[in-house]
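Colleague: Submitted below is the structure of interest, expressed as structure tokens.
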Amino acid sequence: MQLEVRNINTFYGLSHILFDVSLDVDQGEVVVLLGRNGAGKTTTMRSIMGLTPPKSGRVIFKGKDVTGLAPFRVARLGMGFVPEDRRIFPDLTVHANLEVGHKGSGGKTNKWNYDRIYGFFPRLDELSNRRGGTLSGGEQQMLTIARTLIGDPDLILLDEPSEGLAPIVVKMLGGFIDTMKREGVTILLSEQNVKFALKHSDRAYIVDNGHIKYQGSVAELEKDEDIKKRYLAV
Ligand code: ATP
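Under the numbering used here, the first residue of the sequence shown carries the number -3, and numbering increases by one thereafter.
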């Protein structure tokens, strides 16, 4: 198992947000965490990455207990986080944004070097000298993913990547997810776009009010209209 989350409880101040959340992601899998607005998807991602460390429970990554480690240490162990709000550096060029990702990973020589990244995201190659802030939402999302990939992660946490993107860009994003999977990157995705998520994932969890309410294969969930109606806005 590449990632094992065991009974984590996470708080913001006194507010108890996650209740005994457990989930597994196997090497090479794409697993999606579904749930409505405010269900606890982002908090789960932040807890795994160490940005909002859980008060109890364990996060085991590649067999190592990373609970409570600083996020940059978790990143150096091979976990990449693509936050929902796409925190690119607006005043830096696209290329300089990628350099930040490369240095952040310890500057090692990577499988995902600049040539491969630009080959994978040709649009970023065209825009490499443009300032990040001038990019469209979809281009910024690509840049955030590219910046994470260049750090050569074994596991990528993708937090609601399709949010706010036009349908054609969402389709492109799905293509990138499929290709990353083929390249052996393990992905934990969080999504509200159920149709998109199920198309590109192997397994699914549903979080509701900070509790895991469902886990199963995508094929099972696709058939389960009752569960989808109860916990997802579909
Ligand atoms: P969204 O689609 O809105 O990102 P989500 O499923 O990712 O939803 P979270 O962002 O994890 O949900 O939020 C879970 C709960 O935690 C919500 O009730 C939210 O109001 C609360 N919350 C989130 N961030 C904070 C914070 N910094 N301080 C206090 N409460 C917070």
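The beta-carbon is built from N, C-alpha and C at its ideal position, and this holds for glycine as well.
Bear in mind that the values here come from a model prediction, so they are computed numbers and not experimental data.
Thinking just about the alpha-carbon of each residue, which of T39, K60, L154 is nearest to the one in K51?
Modeller: Counting from 1 along the sequence shown, the entry for residue 51 is found at position 55. Checking every option, the nearest Cα to that of K51 belongs to T39.
Colleague: Is E187 helix, strand or coil by DSSP?
Modeller: Here residue 187 corresponds to residue number 191 of the sequence shown, with the count starting at 1. If DSSP states are grouped into helix, strand and coil, E187 belongs with the strands.
Colleague: With C-beta atoms as the reference, is L161 less than 8 Å away from I202?
Modeller: Position 165 of the sequence shown, counted from the first residue, corresponds to residue 161. Position 206 of the sequence shown, counted from the first residue, corresponds to residue 202. Taking 8 Å as the Cβ cut-off, L161 and I202 do not qualify as a contacting pair.
Colleague: Output the distance between the C-alpha atoms of K195 and V214, rounded to the nearest integer angstrom.
Modeller: Here residue 195 corresponds to residue number 199 of the sequence shown, with the count starting at 1. Here residue 214 corresponds to residue number 218 of the sequence shown, with the count starting at 1. Cα to Cα, the separation comes out at about 8 Å.
Colleague: When we look at the beta-carbon of M(-3) and count the other beta-carbons within 10 Å, is it buried (16 or more) or exposed?
Modeller: The residue given as residue -3 occupies position 1 in the sequence shown. Exposed: under 16 other Cβ atoms inside 10 Å.
Colleague: State the start and end residues of the unbroken beta strand (DSSP E) segment that holds I4.
Modeller: Within the sequence shown, residue 4 is the residue found at index 8, counting from 1. Where I4 is concerned, the enclosing beta strand (DSSP E) stretches over -1 to 8.
Colleague: Under 8 Å, with one C-beta from each stretch per pair, do the stretch 51 to 71 and the stretch 129 to 143 reach the 3-pair mark?
Modeller: With the cut-off at 8 Å, the stretch 51 to 71 and the stretch 129 to 143 do not touch.
Colleague: Mapping the DSSP letters down to three states, classify D155 as helix, strand or coil.
Modeller: Residue 155 sits at position 159 when you count from the first residue of the sequence shown. In the structure shown, D155 sits in a strand (DSSP, three-state: E or B).
Colleague: Roughly how many whole angstroms lie between the Cα atoms of D22 and N5?
Modeller: Indexing the sequence shown from 1 puts residue 22 at position 26. Indexing the sequence shown from 1 puts residue 5 at position 9. The straight-line gap from Cα to Cα measures roughly 22 Å.
Colleague: Relative to the C-alpha of S18, which residue among R178, D198, I56 is closest?
Modeller: The residue given as residue 18 occupies position 22 in the sequence shown. Cα-wise, what sits closest to S18 is I56.
Colleague: Got a sec, what are the start and stop residues for the beta strand (DSSP E) D87 sits in?
Modeller: Position 91 of the sequence shown holds residue 87. Per DSSP, D87 belongs to no beta strand (DSSP E) and is neither H nor E.
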